[in-house]
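Participant: Got a structure here, written out as structure tokens. Questions coming.
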Amino acid sequence: MFIGHFSLALAAKKVAPKTSLGTLILSVVFVDAIWPIFLFLGWEHARIVPGITAMVPMDLYDYPISHSLIGGAGWALLFGGVYYALTRYSRGAWVLAAGVLSHWFLDFVTHRPDMPIGFAADAPKYGLGLWNSIPATMAVEIPMFCLGIWIYLKATRAKDAIGKWALVGFLGLLVVIYFASVFGPPPPNESALATFGLFTLPLYAWPYWIDRHRK
Ligand SMILES: [Zn+2]
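Written out as structure tokens, the structure reads:
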């Protein structure tokens, strides 16, 4: 799942209005944001296998640090805990922890059975395989994304033109990346995948900028 994760962060702004949209977005995609770092370090592994699912050409055979359920719970506690220590905003901390953990459950719905519970390499893995169908994935993810945007637009208001157009630009970019990743060519190899992931990390600053221009 890609834009579906973002929809939860957009909707969460209504639940934790004092938390920046930037931090909310970072929470729901946190394990995907750290994953290229672990790939790069060689701590986790993936193979490019065109056609392994209709949506995503990757065999995600080894990523328990970022993508196991227990790992996700650990990252959720860490993320919420650090946020609480910095802000003392407990509602925000709980929402962020739930956001980090939500990633596993959304990925469980979309991935082939490659989602581990714990860290043992030979343990069973789970996934409902929505990614086996592009129309089915989009039929779930696009309405989710629209609903998230709608909730966010009802919960916030632009203070100025930046608050409006920075949001439009960011959401537009997500849609472009989404369609490019589905209909574009697969990454040439694993290290290109990790490098691309690392280069996209600065993009997570963008929603902080949006948040400062909306109320
Ligand atoms: Zn993921």
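Residue numbering for the sequence shown follows the numbering used here, beginning at 4 and increasing consecutively.
Yeah, the Cβ is synthetic: ideal placement off N, Cα and C, and Gly gets one too.
(1) With a threshold of 8 Å, are at least 3 pairs of Cβ atoms found where one atom belongs to the segment 75 to 93 and the other to the segment 121 to 139?
(2) At a cut-off of 7 Å, would you count residue 48 as near ligand 1, judging by its Cβ distance to the nearest heavy atom?
(3) Can you list, in chain order, the residues of its chain whose CB lies under 7 Å from that of residue 100, leaving out five sequence neighbours each side?
(4) Consider the C-beta atom of residue 117 and the heavy atoms of ligand 1; say whether any pair is separated by less than 7 Å.
(5) Let me check one thing: in DSSP terms, what residues is residue 217 bridge-paired to?
(6) Check residue 79 in the structure and name its three-state DSSP category.
(7) So the candidates are 182, 30, 187, 52; which of them puts its Cα closest to the Cα of residue 69?
(8) Using a threshold of 7 Å, is the CB atom of residue 34 nearer than that to any non-hydrogen atom of ligand 1?
(9) Can you find the residues in the same chain that come closer than 6 Å, C-beta to C-beta, to residue 32, ignoring five residues on each side of it along the sequence?
(10) On a Cα-Cα basis, can you pick out the residue from 98, 35, 46 that is closest to residue 5?
(11) Return the CA-CA distance between residue 17 and residue 158, expressed in angstroms with no decimal places.
(12) Measuring from the CB of residue 110, is there a heavy atom of ligand 2 at a distance below 7 Å?
(13) Whole alpha helix (DSSP H) runs in the segment 39 to 94 with 4 or more residues, listed along the chain?
(14) In this structure, does DSSP put residue 128 in helix, strand or coil?
(15) Among residues of its own chain, excluding the 5 on either side of residue 72, which ones have a beta-carbon nearer than 7 Å to its beta-carbon?
(16) Judging by CA-CA distance, which residue of 193, 209, 207, 199 is the nearest neighbour of residue 53?
(17) Less than 7 Å between C-beta atoms, sequence neighbours within five positions excluded: which residues of the same chain meet that for residue 117?
(18) Just verifying my parser: in three-state terms, what is the DSSP assignment at residue 190?
(19) Among the residues of its own chain, which have a CB less than 8 Å from the CB of residue 41, if the five just before and after it don't count?
(20) Should residue 70 be counted as a contact of ligand 1 given a C-beta to heavy atom distance under 7 Å?
Facilitator: Quick answer:
(1) no
(2) no
(3) 79, 80, 82, 83
(4) no
(5) 161
(6) helix
(7) 30
(8) yes
(9) 8
(10) 35
(11) 5 Å
(12) As presented, the structure is devoid of ligand 2, carrying ligand 1 as its sole ligands.
(13) 67 to 70, 72 to 90
(14) strand
(15) 107, 120
(16) 193
(17) 63, 64, 128, 130
(18) coil
(19) 47, 66, 68, 69
(20) yes
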